[in-house]
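In terms of my numbering, the sequence shown is residues 15 to 85.
The structure appears below as structure tokens.
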Amino acid sequence: MLSDLLMPRMGGQELHRQVRQEQIDTRFVCISGFTNGTELASDVVFLGKPPRAETLYAALERALESGRPGR
């Protein structure tokens, strides 16, 4: 799943928590223009905005190839 960190109604971190409750095997990539002081779960791949196409592709590939911690 590709999500922005800051969104109306539900932020990326809350979305991640809810997805984890229902779909354990979903991989998560989060993008944001705000990079200071944000702590994300260890299984979230983070990208700063705006990501270059090849950086986005590499992050998606990394997320798909990795499993959740402890698996």
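All C-beta atoms in this analysis are idealised placements derived from N, C-alpha and C, irrespective of residue type, glycine included.
Which listed residue (the options) has its alpha carbon closest to that of residue i
{"i": "Ser-46", "options": "Asp-39, Val-58 and Gln-35", "result": "Val-58"}
{"i": "Met-15", "options": "Gln-37, Pro-22 and Ala-67", "result": "Gln-37"}
{"i": "Leu-70", "options": "Cys-44, Leu-29 and Ser-56", "result": "Cys-44"}
Distance between residue j and residue i (C-alpha atoms, nearest Å)
{"i": "Ser-17", "j": "Gln-27", "result": "9 Å"}
{"i": "Glu-53", "j": "Arg-34", "result": "17 Å"}
Assigned exposure category for residue i - 16 Cβ within 10 Å defines buried
{"i": "Gly-84", "result": "Low per-residue confidence applies at Gly-84: pLDDT is 42, beneath 50, and the placement is therefore not dependable, though the value from the model is reported in the following sentence. Gly-84 is exposed by the Cβ-count criterion."}
{"i": "Arg-41", "result": "buried"}
{"i": "Leu-61", "result": "buried"}
Residues that DSSP places opposite residue i in a beta bridge
{"i": "Leu-16", "result": "Val-43"}
9 Å Cβ cutoff met for residue i and residue j
{"i": "Met-21", "j": "Gln-32", "result": "no"}
Cβ-heavy atom distance, residue i to the ligand NAP, below 8 Å
{"i": "Asp-18", "result": "The model on display carries no ligand, and the ligand NAP is accordingly not part of it."}
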